[in-house]
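Read through the structure below, which is laid out as structure tokens, and then see the notes.
Numbering (the working numbering), first residue to last: 3 to 174.
Here it is as structure tokens:
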């Protein structure tokens, strides 16, 4: 019989989210990580960090997990770092304290903690651009370079429109 507990036995290899059951992990992967394009899951972009997500439902979940500040305290047991969200604390733990780099490049000997970092690294080998600016159509191999481009060359637009866009997202 299932009981309420804080044991998370299933971890998504793609994004690192943790789940209590394999069923919820499977549903998560189907919803957030399938390559099937469905009309209700058209890619949407976060107006704060410019990350691409699957559908408005994905944007809402991303906003809640990454950008909202519910005022809660999530402290790291290792270094006492304070995060405003549980997801933020998990990200901190992976980047600061996890040693294992299980995502290995098949073209060289580098390894990474996150699948996205590996994907962006492989783009440096292949020359593939993974991100494209909707404003000027410049292309980028990493989300970080894309983010800095937006802030440097299109900074007035996101700053001005940001609050309206966030409110629109939260109302839907």
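All residues carry an ideal CB built from backbone N, CA and C; glycine is no exception. The structure displayed is predicted, hence computed values, not measured ones.
**Prompt:** Under the three-state reduction of DSSP, which class applies to residue 156: helix, strand or coil?
**Reply:** To locate residue 156, count along the chain shown from 1; it is residue 154. DSSP places residue 156 outside both helix and strand once states are collapsed to three, so it counts as coil.
**Request:** Can you have a look at residue 56 and say buried or exposed, based on whether 16 or more other CB atoms are within 10 angstroms of its CB?
**Result:** As a working note, residue 56 is residue 54 in the chain shown. So residue 56 ends up on the buried side.
**Prompt:** Under the rule that 16 or more other beta-carbon atoms within 10 Å means buried, what is residue 100, buried or exposed?
**Reply:** Within the chain shown, numbered from 1, the residue matching residue 100 stands at position 98. Exposed is the call here.
**Request:** Label residue 152 either buried or exposed according to how many other C-beta atoms from any shown protein chain fall within 10 Å of its C-beta, with 16 as the threshold for buried.
**Result:** For the purposes of this step, residue 152 is taken as the residue at position 150 of the chain shown. That one is buried.
**Request:** Kindly indicate which residue of 126, 147, 98 and 68 has the alpha-carbon position closest to the one of residue 110.
**Result:** Start at 1 with the first residue of the chain shown, and residue 110 comes out as number 108. For the options 126, 147, 98 and 68, the alpha carbon positioned closest to that of residue 110 is the one of 126.
**Message:** Please state the DSSP three-state secondary structure of residue 188.
**Reply:** Residue 188 lies beyond the range of the chain shown here (3 to 174); nothing can be said about it.
**Request:** Could you tell me if residue 120 is buried or exposed, where buried requires 16 or more neighbouring beta carbons within 10 angstroms of its beta carbon?
**Result:** In the chain shown, residue 120 corresponds to position 118, counting from 1. Burial of residue 120 is indicated by the presence of at least 16 other C-beta atoms within 10 angstroms of its C-beta.
**Request:** With DSSP as the reference, label residue 108 as helix, strand or coil.
**Result:** Within the chain shown, the letter at position 106 stands for residue 108. Residue 108 falls in the coil class under three-state DSSP.
**Request:** Could you check what DSSP says for residue 66 in three-state terms: helix, strand or coil?
**Result:** Residue numbering aside, residue 66 sits at position 64 when the chain shown is read from its first letter. Three-state result, residue 66: helix.
**Prompt:** Which one or two residues does DSSP pair with residue 142 in a beta bridge?
**Reply:** Along the chain shown, read from residue 1 onward, the residue named residue 142 stands at position 140. Residue 142 is bridged to 133.
**Asked** Span of the alpha helix (DSSP H) holding residue 56?
**Response** Against the chain shown, residue 56 aligns to sequence position 54. DSSP places residue 56 in no alpha helix (DSSP H) but in the uninterrupted beta strand (DSSP E) bounded by 54 to 56.
**Asked** Looking at the unbroken alpha helix (DSSP H) that takes in residue 194, where does it start and where does it end?
**Response** As displayed, the chain neither begins before 3 nor continues past 174, which places residue 194 out of reach and without an answer.
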